[in-house]
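Everything below concerns the one structure shown next.
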Amino acid sequence: MTVQELINAAQQLSLTDQIRLASQLMQLVVQKIQPASSSEIPAAPADDPLVGLFSGSPELASQSQEALRQEVNSNSGFTWKES
Numbered sequence: 015m016t017v018q019e020l021i022n023a024a025q026q027l028s029l030t031d032q033i034r035l036a037s038q039l040m041q042l043v044v045q046k047i048q049p050a051s052s053s054e055i056p057a058a059p060a061d062d063p064l065v066g067l068f069s070g071s072p073e074l075a076s077q078s079q080e081a082l083r084q085e086v087n088s089n090s091g092f093t094w095k096e097s
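Residue numbering for the sequence shown follows our numbering, starting at 15 and increasing by one per position.
Here you go:
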């Protein structure tokens, strides 16, 4: 069976079965590419550095200066210079 035949057969499945098939395929791919040692994978989502990348405030771009003003204090090591 060719890849195109498999794709055509998958398109004939119901949406639920297509989702189930996609999930099973992704699990197989993860098993194949997963390193022999799972110690490289963060134990918790909070340990993953990419999680922090997206966990900031949605207003960060428009209110960055206000956020910095709130974070800067006498113990922070930063100073605020008004422009």
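Virtual Cβ for every residue (Gly too), placed ideally from N, Cα, C.
Treat the numbers as computed from the prediction; the structure is a model and nothing was measured.
- For methionine 40, the three-state secondary structure derived from DSSP is helix.
- In this structure, glutamine 25 lies near glutamine 32, with their beta-carbon atoms less than 9 Å apart.
- About 7 Å separates the beta carbon of leucine 35 from that of leucine 27, a gap short enough to meet the 8 Å contact definition.
- The continuous alpha helix (DSSP H) containing serine 78 extends over residues 78 to 85.
- In the DSSP assignment, glutamine 25 falls within the alpha helix (DSSP H) that extends over 17 to 25.
- A distance below 6 Å between beta-carbons, with the five flanking residues on each side excluded, links methionine 15 to no residue of its chain.
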